[in-house]
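Heads up: the sequence lines are chains A and B, in that order.
No gaps in the numbering here: position 190 of the first sequence is 190 in the working numbering, and each next residue is one more.
For any residue, its number in the working numbering is found by taking its place in the second sequence, counting from 1, and adding 1000.
Protein chains: 2
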Amino acid sequence: MTGTLYGVGLGPGDPELMTLKAARLIGGAKVIAYPTLAGGSSFARSIAAGHIVPGVREIVMDIPMTVDRAPAQAAYDLGAVAIRAELDAGHDVVVLCEGDPFFYGSFMYLYARLRADYPVEVVPGVSSVMSCAAVAGLPLAARNEVVTIMPAPELARRLSDTNPTQILPPCDTLVVMKLGRHLKAVRAAIEGAGLIDKAIYIERASTPDECVMPLSQAPEKAPYFSMILIVKGADPWL
Amino acid sequence: MTGTLYGVGLGPGDPELMTLKAARLIGGAKVIAYPTLAGGSSFARSIAAGHIVPGVREIVMDIPMTVDRAPAQAAYDLGAVAIRAELDAGHDVVVLCEGDPFFYGSFMYLYARLRADYPVEVVPGVSSVMSCAAVAGLPLAARNEVVTIMPAPELARRLSDTNPTQILPPCDTLVVMKLGRHLKAVRAAIEGAGLIDKAIYIERASTPDECVMPLSQAPEKAPYFSMILIVKGADPWL
């Protein structure tokens, strides 16, 4: 009998926004696995820390941050080999995932490598999108409104193709994730579309470093864990 | 000192997909509030049931299901009056919300009525979108892919305006929620757009009645708690 691979969503950062199921699986795990970025500490492990039992085996995948995808994929290859060895020995492996495993999560790279050979269970988590809306006090969508979620690098790519009023997709609520170095370009696009007054900037929602402010007052540089919410509909309110 | 209004997300249905924070707040609540639909039982209360303590006061808002919005809004008016009385007496009120409170959630109607006068905290929950992706084994989005979430009634409305190839928004991943009586029209639109082979139908994800199947095999009638996922990107996989 092989072990089961669990992809466990940990939520946006506040350890209390983890699900009961995630806490149970982490607390019972003999083997956990998680990525670190370029030798740094693991945000995912820090969220889960209070539930990890002493003596657990930890498979750490150090993911290089390069524009070329090959080095990161090679790191997932290595991680998958180590996870395979545990699963083949009949041990379950709990992969720690920030937010939700299948929503812009790196778990899918392990899933792609292992799902054909082992039982896999994905435990969904609270997405940072919902957490940002909660801390901003901004209902995201009501009734039949359309929500579009766009990573900032895609928005920046479109900006270089066309004019700023056409790059934002038609929708009632627009969520721009993964701002990082693209914040300035994204802000210009939002200004160009006449939406700056509706744009809220949120950084590291649900963590001690959380910031919420109008986009017009946001700093020049944003971390990766930041987001802009634009809710156009007046509909949510009554 | 007035009490605090909590809008607490309960996740998609499996009580174990509730957050630790939601479980703590419900377990400590002396007053809870929740909607029921047209005299039926409350799905939200059933998710939370294992954490509700004996002797809690329950504010039940019976929401009529009518096309006209006024009767439902009158029911939220009544609920808000009852909640106000508790908050004014210094009691916290925990509002039970299926999924996430600010993502197509009825909590926003109470929020609109009460937020100016009382402290409010929104506790985000696992959305059914993430739960459906998890049970379907289908990563929703990777890297810089664009995700659009559209309620089925809006899709049906567009169908009556224009031709089926134009009603689906351009995106890498399309999520169609709240299928209900619109399933047939939605399926026709997806067939018209040549996307039927990529469309997965999911009903009541994470509950004992969960169903997952290709949209091409889905039943003619869908419940409100059902969804279609269309992931076009090949990108997630490697």
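The beta-carbon is built from N, C-alpha and C at its ideal position, and this holds for glycine as well.
(1) Run down chain B in chain order and give the residues with a C-beta less than 9 Å from the C-beta of C211(A).
(2) Report the rounded CA-to-CA distance for V1095(B) versus L229(A), giving the unit in angstroms.
(3) If the cut is a Cβ gap below 8 Å, which residues of chain B does I190(A) touch?
(4) Would you tell me roughly how many angstroms separate the C-alpha atoms of L1168(B) and L1155(B), rounded to the nearest one?
(5) If you compare alpha carbons, which of M213(A), V212(A), P170(A) and V147(A) is closest to V1129(B)?
(6) What residues are listed by DSSP as bridge partners for S226(A)?
(7) Is the Cβ-Cβ distance between T173(A) and V231(A) less than 7 Å?
(8) Looking only at its own chain, which residues have a Cβ that is under 6 Å from the Cβ of C211(A), when we skip the five neighbours before and after it?
(9) Are three or more beta carbon pairs between the stretch 97-107 of chain A and the stretch 7-14 of chain A nearer than 8 Å?
(10) When DSSP builds the beta bridges, which residues end up paired with G192(A)?
(11) Which of the three DSSP states is assigned to R1024(B) in this structure?
(12) List, in order along the chain, the chain A residues whose C-beta lies closer than 7 Å to that of L1020(B)?
(13) The alpha helix (DSSP H) that contains L1078(B), what's its start and end?
(14) Kindly examine the ligand HEM and report whether one of its heavy atoms sits closer than 6 Å to the Cβ of I83(A).
(15) Just checking: is the beta-carbon of M1130(B) within a distance shorter than 7 Å of some beta-carbon in chain A?
(16) Nearest chain B C-beta to V94(A) closer than 7 Å, yes or no?
(17) Buried or exposed, going by whether 16 or more other CB atoms sit within 10 Å of the CB of W1237(B)?
(18) Counting only the same chain and skipping the five closest in sequence on each side, list residues whose C-beta sits under 7 Å from that of L1138(B).
(19) Go ahead and label M1(A) buried or exposed: buried means 16 or more other beta carbons lie within 10 angstroms of its beta carbon, across all protein chains shown.
(20) Excluding the five sequence neighbours on either side, which residues of its own chain have a C-beta within less than 8 Å of the C-beta of K221(A), listed in chain order?
(21) How is G40(A) classed by DSSP in three states: helix, strand or coil?
(22) If we define contact as Cβ-Cβ less than 7 Å, is A1048(B) a contact residue for chain A?
(23) State the CB to CB distance for the pair I63(A) and I83(A), rounded to an integer number of angstroms; the pair is presumed to be in contact (CB under 8 Å).
(24) So what does DSSP say about R143(A), is it helix, strand or coil?
(25) Below 8 Å CB to CB, which residues in the same chain sit around G1039(B) once its five sequence neighbours on both sides are set aside?
(26) In chain B, which residues lie less than 7 Å from M150(A) when you measure between Cβ atoms?
(27) Sorted by chain position, which residues of the same chain lie with C-beta nearer than 6 Å to P1219(B)'s C-beta, five sequence neighbours on each side aside?
(28) Check the DSSP bridge columns for P151(A) and list the partner residues they point to.
(29) Would you verify that the beta carbon of P236(A) is, or is not, closer than 7 Å to some beta carbon of chain B?
(30) Please go through the same chain and pick out, in chain order, the residues whose beta-carbon is closer than 6 Å to the beta-carbon of L1179(B), but skip the five residues on each side of it.
(31) Can you grab the Cα-Cα spacing for the pair A1074(B) / V1123(B), in whole Å?
(32) List, in chain order, every chain B residue whose beta-carbon is nearer than 7 Å to that of A142(A).
(33) Closer than 7 Å by C-beta to M65(A): which residues in its own chain qualify, once you throw out the five before and the five after it? Chain order, please.
(34) Taking the alpha carbon of P54(A) as the point to measure from, which residue in S41(A), I47(A) and G28(A) has its own alpha carbon closest?
(35) Going straight from the alpha carbon of F103(A) to that of T19(A), what length do you get?
(36) Taking DSSP as the reference, what is the three-state secondary structure of V1231(B)?
So, from the listed chains and residues:
(1) Residues of chain B with a Cβ closer than 9 Å to the Cβ of C211(A) do not exist; the shortest Cβ-Cβ separation is about 17 Å.
(2) 24 Å
(3) Simply none; closest approach about 16 Å.
(4) Within the model, the alpha-carbon separation for L1168(B) versus L1155(B) is close to 7 Å.
(5) For V1129(B), the nearest C-alpha among the options comes from V147(A).
(6) E203(A)
(7) A Cβ-Cβ contact shorter than 7 Å links T173(A) with V231(A).
(8) Answer for C211(A): E203, listed in chain order.
(9) yes
(10) In the DSSP output, where bridge partners are listed per residue, G192(A) has none listed.
(11) helix
(12) Residues of chain A with a Cβ closer than 7 Å to the Cβ of L1020(B) are, in chain order, E16, M18, L20 and A23.
(13) A1070 to D1088
(14) This structure does not include the ligand HEM; it has no bound ligands of any sort.
(15) Chain A, which has a Cβ nearer than 7 Å to the Cβ of M1130(B), makes this yes.
(16) Answer no: the Cβ-Cβ gap between V94(A) and chain B never drops below 7 Å.
(17) Residue confidence for W1237(B) is low, a pLDDT of 49 falling below 50, so the modelled location carries little weight and cannot support an answer.
(18) I1200, L1229 and V1231
(19) By the beta-carbon neighbour count (other beta carbons within 10 angstroms, threshold 16), M1(A) is exposed.
(20) Close CB contacts of K221(A) within its chain, under the 8 Å cut and outside five residues either way in sequence, are with R181 and L183 (chain order).
(21) coil
(22) no
(23) About 15 Å; that fails the 8 Å criterion.
(24) coil
(25) D1062
(26) V1146
(27) none
(28) Answer by DSSP bridge pairing, in chain order: M177(A).
(29) Low per-residue confidence applies at P236(A): pLDDT is 46, beneath 50, and the placement is therefore not dependable, though the value from the model is reported in the following sentence. Answer yes: the Cβ-Cβ gap between P236(A) and chain B drops below 7 Å somewhere.
(30) Closer than 6 Å at the Cβ level, and outside the excluded window around L1179(B), lie A1152, A1222 and S1226.
(31) 25 Å
(32) Correct list: Y1104 and M1108.
(33) L37 and A38
(34) G28(A)
(35) The alpha-carbon separation between F103(A) and T19(A) amounts to approximately 16 Å.
(36) Reduced to three states, the DSSP call for V1231(B) is strand.
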